[in-house]
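> My structure is below; once you've seen it, I'll send some questions.
Residue numbers (the numbering used here): 198 to 296.
Right under this line is the structure:
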């Protein structure tokens, strides 16, 4: 799962459903990756998209409630990933401070 996908899911979990335009305020995705990123989350069934009947140009994304059982696994995966990446940085920082 990409960094952008994880950030999108965390934002949806914290803030709730929103339009793609609103999500852009929280998660910056390069234009050429945007559609692929959202479609990948749809294909993995983490999110689903909805178009309001009154405005076909707007796309609203929702966290897929079918994935509630996997939410804790996702958060643990994120936590573990952060710990793995932070340990070498902390070690380097300690080495620098020891000089």
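Where a beta carbon is used, it is the ideal one built from N, C-alpha and C, also for glycine.
1) For a test of the three-state rule: what should DSSP assign to residue 202, helix, strand or coil?
2) Just tell me which of 278, 201 and 207 has its CA closest to the CA of residue 261.
3) According to DSSP, is residue 226 part of a helix, a strand, or is it coil?
4) Could you name the residues that DSSP lists as bridge partners for residue 246?
5) Assuming the contact rule is C-beta atoms closer than 8 Å, residue 238 and residue 203 should be a hit. Round their C-beta distance to whole Å, please.
6) Should residue 201 go down as buried or exposed, given a rule of 16 or more other Cβ atoms within 10 Å for buried?
Quick answer:
1) helix
2) 207
3) coil
4) 258
5) That pair is no contact at about 10 Å.
6) buried
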